[in-house]
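Going by our numbering, the sequence shown opens with residue 15, and the numbers climb by one from there.
Each remark here refers to the structure printed beneath this line.
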Amino acid sequence: MTIGSRARDNIDSYPLTAQNYVKVVDSPKKRFGRKEILAEYYVRELLSLIVKNATNLNSKLNKMQLYDKLESHLRSLESIDVTTDKYATALFQLVKSCIPGNLLRIWLRNPVVKKEEDKNSCGDKLLQLLLFLRAEVEGGKKDFVGKSWLQIQGSSESK
């Protein structure tokens, strides 16, 4: 917790006793843990990720960074009960907006996605999209390791 922050000052205002433990834990939850405010914050973070990735060519995230941030934001929303089953339609559209066009086209051409498109709920589609993005990220890691290994082999053979 940041020294000098309102939350820290609130906690430091309680004497350090065993009797105050529950009060110290509950106080920040009541003051700073309001779910509607947290939900607004997390959705705003998700929206800023979309805008940043769509408009600023210099600061576009690579697949790995994008997946990590998306997963983090969705996990944060889930932690305050904004789950994909409740808000899947909106979350699916937000996440879909983050994905670079070339990756989105690959995902949309996937025969499984095409076949199941009308049957699946937005929650299922969101899960499929995240699984696809994770597979792309993991595939990219394998490509990187393979290319690195080939470069090492090539440089050692040329010596």
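Built from N, CA and C at the ideal position, the CB exists for glycine as well.
Note to self: I'd like to know if the segment 81-97 and the segment 38-56 are in contact, where contact means that at least 3 CB-CB pairs between them fall below 8 Å.
What the structure shows: yes
Check: Mind checking if MET78 is an interface residue toward chain B, Cβ cutoff 8 Å exclusive?
Finding: Of the protein chains in the structure, only one exists, and it is not chain B.
Note to self: In chain order, what are the residue ranges of uninterrupted beta strand (DSSP E) at least 3 long that sit wholly in the segment 66-149?
What the structure shows: none
Next item on the list: Return the Cβ separation of LEU108 and ILE64 in integer angstroms, given the expectation that the two are a contact with Cβ distance under 8 Å.
Entry: 6 Å
Margin query: Starting from TYR35, trace the alpha helix (DSSP H) in both directions and tell me its first and last residue.
Written below: 35-46
Notebook entry, point to check: Taking VAL151 as the reference, which of GLY47, MET78 and TYR101 has the closest Cα?
Noted result: MET78
Next item on the list: Put ILE25 into one of helix, strand or coil per three-state DSSP.
Entry: helix
Notebook entry, point to check: ILE25 to GLU92, Cα distance in whole Å?
Noted result: 26 Å
Next item on the list: Assign GLY18 to one of three DSSP states: helix, strand, or coil.
Entry: coil
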